[in-house]
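Read through the structure below, which is laid out as structure tokens, and then see the notes.
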Amino acid sequence: MTAAGTGTHTGTRTGRQLLVLVIGAAAVATLPFILPPAQEAVAVRILIFALMGVAWNVMSGYGGMFSFGHAAYFGLGAYAGGYLIVRHGVSPWIGMAVGAALAAAFGVTTGFLAFRYRLKGAYFALATFAFAEMLHLLALSFEPIEAAAGLNVPLLQGSSWWMLQFPPGSPNYFWAILALTVLAVAATIALLRSKSGGYVIAIREDEQAASSLGIPVMRYKLLTVGVSAAMTAVAGAFYVQYYLYINPDLAFGSAVSIQAILPSVIGGIGTIWGPLIGAAVLGPLSDVTATLLRDPPAALAFLEGRSGLDVILYAALLIVIVLALPKGVYGALRSYFARGST
Amino acid sequence: MTRRAPLSLAARLAVAAAVVAVVLVLAYARSGSGIVVSQAVLTGLLLGGVYGLVAMGLTLIFGVLDIVNFAHGALMTVAMYGTVLLASHAGLDPYLTLLVTAPALFGIGMALQSGLINRTMGSSLANQLLLTLGIGLLIENVLLLSFGSEPRSVAVGYAAPLRAFGAVADLTRVIAFLGALGLAALLYLLLQRTRVGTAIRAVAANPDGAQLVGIDVRRMYVLTFALGTACAGAAGTLVAPFVTVEATTGELFNIIAFVVVVLGGMGNVVGALVGGLLIGLTEQLGGVLLPEQSPLLAVFVVFVLVLFLRPQGLFGRSS
Amino acid sequence: MTLLSVRGLSKSFRGVRALHDVSFDVADGRILGIIGPNGAGKTTLFAAVSGGVAADAGTVRFAGQDVTRWPDHRRARAGLVRTFQLMRPFGAMTVLDNVAVAAQVRASSRAAALAAPDAVLDRVGLARYRDQRSTELPAAELKRLELARALALRPRLLLLDEVLAGLVPAERGPVLDLLGTLRDEGITLVFVEHVMAAVMRLSDEVLVLDQGQVIAAGTPAEVTGDPRVVEAYLGDEAALASGDDGDDGNDGNDGNDDDADDEDPETPC
Ligand SMILES: Nc1ncnc2c1ncn2[C@@H]1O[C@H](COP(=O)(O)OP(=O)(O)OP(=O)(O)O)[C@@H](O)[C@H]1O
Ligand SMILES: [Mg+2]
């Protein structure tokens with residue numbers, strides 16, 4: 002796990018991380034010139050995945066509050082963004098902001114209740130799950146915006162950054178989500194470097210000790226939840242805008258919560274780069290299996306036209322990682338090199 | 096802040112009964128029909144028995160291994176498909192398949208615990224949770240891949256509606272209820288009256304102490320997980336005749352079982368059974384009280400309230 | 020001037036009376052030693068005074084303010100700081116970061132926050148462990164880390180829970196000297212200690228707790244002569260009488276695993 006951003010030598014580390022981020026982002030930004038258009042959709046999905054993972058990591062990796070209900074925040078972002086554009090023609094950027102504010106408010110409110118009643122560990126995880134499921138069920142029957150049937154984002158003529166709509170295959174979508182993800186990572190790095198970051202880690206390590214040292218535990222836990230929820234909502238709002246459709250299952254289903262957890266777990270919980278690496282591993286899986294099944298080799302012919310293989314692969318991956326690399330891919334690499342260098 | 100003395104068990108049961116009575120009156124006021132209410136109560140209790148059995152398995156695993164098992168529902172689904180196959184292809188009576196599914200699931204549980212989960216004993220909550228989640232997803236999607244997304248069902252030749260207090264109950268639901276109660280009693284006896292049961296309870300109470308007196312703790316973990324999984328399996332077979340069997344059918348039972356386990360007190364086997372009945376009632380009466388909402392909403396509201404107000408469960412001592 | 024004033028403090032854990040009607044005052048700049056047999060309620064007293072545990076009854080006044088209803092983090096910021104008997108380092112952090120987190124709470128500027136931790140580490144003799152993970156520290160050093168974090172908060176009053184426990188006699192001298200310096204700098208000290216020689220040497224006054232109650236208070240000499248104290252300490256009589264350090268297995272006792280932290284969530288019924 003990364004040390005707090007409080008020490009004297011973390012300044013250089015922060016600088017290095019930001020440098021890696023900028024260089025990496027610049028390199029990734031050239032992908033649309035290299036990749037065939039079909040692969041670009043995969044790249045966008047990886048980045049949505051990554052953004053969710055980065056967000057989950059803030060609350061559950063650095064904050065130590067294991068969430069099994071990030072679907073709540075994702076769904077609020079998706080529905081806020083979707084509703085505003087479909088019914089009122091409001092720009093998705095504003096939708097993102099509104100969704101982020103809503104999700105943060107929801108996260109802070111439910112978080113306050115959960116912390117007030119001192120839920121921890123499994124109980125906390127189950128409570129987050131219950132809150133997400135409640136929103137899911139409410140969305141299935143919420144009349145005012147006919148949420149249950151799903152929202153279809155209308156297609157516009159031409160291309161507009163303000164409305165975040167471009168002709169099919171435009172690389173602009175890719176650059177937009179790349180920018181959002183990079184911002185989220187940068188925000189995480191900045192948070193960790195700040196005084197608040199030190200407090201957040203201290204609280205994760207020992208709440209009571211942190212409190213006895215003058216750190217207002219509740220406030221910083223809620224801050225962490227709020228930031229994480231807001232980032233997740235941005236991913237949700239972008240999702241609607243990109244796929245032009247949302248329904249209660251896609252927004253609030255428990256699969257969404259699992260998707261938010263996986264990148265960090267695979268890549269490395271509580272590390273800056275872990276969620277990005279995890280997303281890059283997971284994102285293409287469903288396309289690999291889809292390609293495999295569309296034209297299966299003889300040995301797998303019986304699988305033709307069946308679904309489920311992609312989830313089987315990432316479930317198996319999840320099991321292997323948990324058992325063999327409990328610190329995730331990046332976490333394991335880091336420990337390996339750390340041991341090598343001393 | 097002054098602390099009130101904890102209520103006795105009898106007082107708590109009385110409070111629970113009072114709450115149920117109030118809800119019944121409200122439901123009657125809301126629906127205006129006695130039959131609607133008694134139907135809800137009957138359906139709720141019958142299904143609640145099955146919830147209780149599923150939750151008993153889950154709570155046993157939680158109490159002894161300290162693991163939140165997200166694979167429980169998927170394992171239940173495995174048994175459902177087992178019953179579907181044996182009943183429709185081999186022509187067995189669905190209830191007879193219990194003799195195959197419960198032992199088979201016991202075996203699967205043993206394999207999972209000794210092969211995979213035992214390796215993460217004592218590691219972080221997140222790790223164990225994710226491992227069972229992975230196992231659950233894996234099983235569910237292997238089922239989806241093997242059987243496709245088309246729903247299956249099990250036909251029972253002698254299904255007939257039974258009547259009581261103006262309410263109607265399908266025979267299959269009554270059998271499931273009675274079967275669940277019977278198996279729950281069996282499990283209870285096993286835990287209370289046998290040497291193995293005593294050993295399991297010793298491990299639950301204090302693993303280190305159990306180790307000291309010569310109990311093979313790892314073996315008890317395996318046995319417990321297997322027993323819990325067999326409960327899920329038996330429940331799967333019992334409900335197969337009246338649910339549509341799909342790869343995800345067990346998920347809902349898993350979720351409800353979590354609620355029941357928390358309500359009854361994590362690790363409390365009897366609490367799980369009572370909690371199951373209460374949640375069955377909550378679900379059905381919630382449907383009467385809030386007809387335009389999913390009946391599950393009431394279940395989650397109760398869940399969150401219990402988490403906040405009595406995290407040790409209705410029947411748990413605060414420990 | 021009275022810096023800390025405790026009146027009628029009581030606390031029970033599910034029927035176990037850990038504190039009963041405890042009252043005492045500490046004047047600015049003084050050192051109060053607290054002794055008492057295992058389970059007497061000393062750690063609970065610190066928890067209640069520092070706000071980590073809500074007392075059932077009683078008041079705590081600090082620097083002229085009634086802080087009874089203040090949460091612990093607010094009391095800490097006001098300068099009322101405790102250490103833990105069982106060491107509670109922030110495991111994922113380096114030794115330096117452990118201290119830096121605390122320093123930031125009270126730092127007026129970033130520059131001050133960056134300079135303070137190293138100075139504190141120097142004082143407690145942890146400078147050479149600066150960049151190590153705190154979990155890698157030996158127990159004795161962890162004790163000093165507890166002290167270092169508390170000092171980084173620039174406290175007015177320090178509640179020290181068995182800082183000498185687990186130290187071999189040779190290691191105690193420097194810590195005791197440090198406590199003396201702290202007093203000279205104007206920090207008021209309240210410390211729990213089983214090492215009798217240290218209590219006798221350092222304290223201006225001594226408070227004796229037994230079964231949650233104050234059974235004696237006064238100067239070290241007065242307290243040692245008190246028959247009730249001798250009785251409460253029956254097993255440790257020798258240690259008291261000889262005034263030697265109570266090296267008889269009493270120190271280093273961390274027997275009370277649940278350091279008042281895992282109190283159950285308060286439930287309304
Ligand atoms: N969180 C808790 N829950 C229940 N009982 C507690 C808790 N904390 C303390 N106690 C009980 O309160 C009493 C006083 O404990 P405390 O830790 O304050 O004693 P102590 O004087 O610090 O003892 P020691 O010398 O062993 O450190 C003991 O009987 C202890 O078992
Ligand atoms: Mg103590």
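The listed protein sequences derive, respectively, from chains U, W and A. As numbered in my numbering, residues 2 to 343 make up the first sequence, in order. As numbered in my numbering, residues 96 to 414 make up the second sequence, in order. As numbered in my numbering, residues 20 to 288 make up the third sequence, in order. Ideal Cβ placement from N, Cα and C applies to all residues, glycine included. On a predicted model such as this, the values are computed, not experimentally measured, just so you know.
Ligand 1 heavy atom lying under 7 Å from the CB of residue i
i	result
Gln232/A	no
Leu41/A	Contrary to the premise, residue 41/A reads as Val rather than Leu in this sequence. Flag unset: Cβ of Val41/A not near ligand 1.
Phe210/A	no
Ala59/A	yes
Gly55/A	yes
Val237/W	no
Phe32/A	yes
Val35/A	yes
Any chain A beta carbon closer than 8 Å to residue i
i	result
Ala281/U	no
Leu310/U	no
Tyr80/U	no
Leu334/U	no
Ser212/U	yes
Tyr74/U	no
Ala203/U	yes
Lys328/U	no
Pro276/U	no
Ala339/U	no
Gly199/U	yes
Gly112/U	no
Range of the contiguous beta strand (DSSP E) that encloses residue i
i	result
Ile54/A	50-54
Arg80/A	76-81
Ser29/A	21-32
Val308/W	No beta strand (DSSP E) contains Val308/W, which DSSP labels as neither H nor E.
Asp116/A	From DSSP, Asp116/A is part of no beta strand (DSSP E) but of the alpha helix (DSSP H) over 114-125.
Val118/W	Segment 104-126 is the alpha helix (DSSP H) holding Val118/W; no beta strand (DSSP E) there.
Val100/A	99-101
Ala146/A	Element bounds for Ala146/A: n/a, residue is neither H nor E.
Cβ-heavy atom distance, residue i to ligand 2, below 7 Å
i	result
Asp229/A	no
Thr62/A	yes
Gln104/A	yes
Asp245/A	no
Asp180/A	yes
Test: residue i CB closer than 8 Å to a CB of chain U
i	result
Ser127/A	no
Phe410/W	no
Gln388/W	yes
Phe103/A	yes
Ser261/A	Any reading at Ser261/A is ruled out, since the residue's pLDDT is 44, under 50, leaving its predicted position unreliable.
Val124/A	yes
Alpha helix (DSSP H) segment containing residue i, residue limits
i	result
Ala169/W	167-183
Arg94/A	91-96
Any chain W beta carbon closer than 8 Å to residue i
i	result
Phe239/U	no
Leu19/U	no
Glu206/U	no
Val266/U	yes
Tyr331/U	no
Met135/U	yes
Phe67/U	yes
Beta-carbon neighbours of residue i, restricted to chain B and to distances below 8 Å
i	result
Ser244/W	Here the protein chains are U, W and A, and chain B is not one of them.
(message) Threshold first: 4 residues or longer. Then list the alpha helix (DSSP H) segments lying entirely within the segment 198-261 of chain A, N to C.
(response) The segment 198-261 of chain A contains these whole alpha helix (DSSP H) runs: 215-221, 239-244, 246-251, 256-261.
(request) For the segment 244-311 of chain U, list the alpha helix (DSSP H) runs that are entirely contained and at least 4 residues long, ordered along the chain. (result) If we require 4 residues or more, the alpha helix (DSSP H) runs fully inside the segment 244-311 of chain U come out as 249-253, 255-268, 275-283, 286-295.
(request) Run through the segment 231-295 of chain W for me and flag every whole alpha helix (DSSP H) of 4 or more residues, listed as ranges in chain order. (result) Runs of the alpha helix (DSSP H) spanning 4 or more residues and lying entirely within the segment 231-295 of chain W occur at 266-288, in chain order.
(request) Note down, one range per segment and in chain order, each beta strand (DSSP E) of at least 3 residues found wholly within the segment 139-190 of chain U. (result) As for any beta strand (DSSP E) of minimum length 3 sitting wholly inside the segment 139-190 of chain U, there is none.
(request) Taking only runs that begin and end inside the segment 148-193 of chain A, name each unbroken beta strand (DSSP E) of 3 or more residues, in chain order. (result) Complete beta strand (DSSP E) runs here, min 3: 176-180.
(request) Taking only runs that begin and end inside the segment 321-396 of chain W, name each unbroken alpha helix (DSSP H) of 4 or more residues, in chain order. (result) Correct list: 344-359, 364-384.
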